[in-house]
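Beneath this line is the structure, given in structure tokens, with notes to follow.
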Amino acid sequence: MSGKIEAESVTVSTQGKDIIKEVTTSIPEKKVFTIVGPSGAGKSTFLRTINRLIDFREGDIKLDGISIRDYEPMELRKRVGMVFQIPLAFQGSVKDNLLMGPRLTGSAQPDVGQLLDKVGLAREFAERKASELSVGEQQRMCIARAIANEPDVLLMDEPTASLDPESARKVEELILKLSHEVELTLVVVTHNMEQGRRIGDWTMLMKDGRAVMTMCTDEFFEIYKGVF
Numbered sequence: 001m002s003g004k005i006e007a008e009s010v011t012v013s014t015q016g017k018d019i020i021k022e023v024t025t026s027i028p029e030k031k032v033f034t035i036v037g038p039s040g041a042g043k044s045t046f047l048r049t050i051n052r053l054i055d056f057r058e059g060d061i062k063l064d065g066i067s068i069r070d071y072e073p074m075e076l077r078k079r080v081g082m083v084f085q086i087p088l089a090f091q092g093s094v095k096d097n098l099l100m101g102p103r104l105t106g107s108a109q110p111d112v113g114q115l116l117d118k119v120g121l122a123r124e125f126a127e128r129k130a131s132e133l134s135v136g137e138q139q140r141m142c143i144a145r146a147i148a149n150e151p152d153v154l155l156m157d158e159p160t161a162s163l164d165p166e167s168a169r170k171v172e173e174l175i176l177k178l179s180h181e182v183e184l185t186l187v188v189v190t191h192n193m194e195q196g197r198r199i200g201d202w203t204m205l206m207k208d209g210r211a212v213m214t215m216c217t218d219e220f221f222e223i224y225k226g227v228f
């Protein structure tokens, strides 16, 4: 499997302890790649290494065949966006939030209405205070803010963990839409195995800081039927 992102023997250490241990995996382009495993397995830490929110001690991660250490941090994070578990709404309006990234990077300003359309929010939301949105609406705004930079890759760290079931369903549908219609490469950490089954094209299982296996999601859940 040739990947948009290639991790080669990646090791991450903190306070002298390896928390990610020689992880090697390939993340295919324009697919949903889910990372699953028990708490403390290193899923979120590995995710953060992909756009260097956390640096690695050994190994390498390549984006389109180029080491991520060869990219300027701003350029890397423009190409590799990030959505966190708890939505972070900055001060100001929804429009202010959506234009923040392009302003920081000096990119062309996107059409705010089209961004809202993509994430299933009414265009009237543009002038609302971001802090007044529901948690589910804020998370979709955060996704719109991430894609305003037109990234190639979107990293999502348990994006539905803080949401009610209906809001979580909408975000799952949005993930599939971004993969199929916008043709983004999405890397999603989830504790919810059923969610991983629903949205994933490929699945990587992590345990104790290691990548146990990476395979097609359907095959993964067939092998582990009854375990998860």
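For the sequence shown, my numbering gives the first residue as 1, with consecutive numbering after it.
Note that CB positions come from ideal geometry on N, CA and C, so glycine has one too.
On a predicted model such as this, the values are computed, not experimentally measured, just so you know.
- For Thr160, there is no enclosing beta strand (DSSP E), since its DSSP letter is neither H nor E.
- In the DSSP annotation of this structure, Asp152 is not part of any beta strand (DSSP E), being labelled neither H nor E.
- Taking every protein chain shown into account, the CB of Ile199 has 16 or more other CB atoms within 10 angstroms, so this residue is buried.
- In the three-state DSSP reduction, Ala168 falls in the helix class (H, G or I).
- Per DSSP, the continuous beta strand (DSSP E) segment holding Ser26 begins and ends at Lys17 to Ile27.
- Residue burial annotation: Gly106 is exposed, with fewer than 16 other C-beta atoms found within 10 angstroms of its C-beta.
- DSSP places Thr34 in the uninterrupted beta strand (DSSP E) bounded by Val32 to Val36.
- Here the C-alpha atom of Met82 lies approximately 8 Å from the C-alpha atom of Asp157.
- Selection Gln85, Asp60, Thr14 and Lys78 evaluated against Gln139 yields Gln85 as nearest (Cα-Cα).
- Ile223 and Ala89 have their C-alpha atoms spaced approximately 40 Å apart.
- Per DSSP, Ile68 lies in no beta strand (DSSP E) and is assigned neither H nor E.
- Distance from the CA of Gln15 to the CA of Val153, rounded to the nearest whole angstrom, comes to 30 Å.
- Membership of Thr185 in the beta strand (DSSP E) is indicated by the continuous run Thr185 to Val189.
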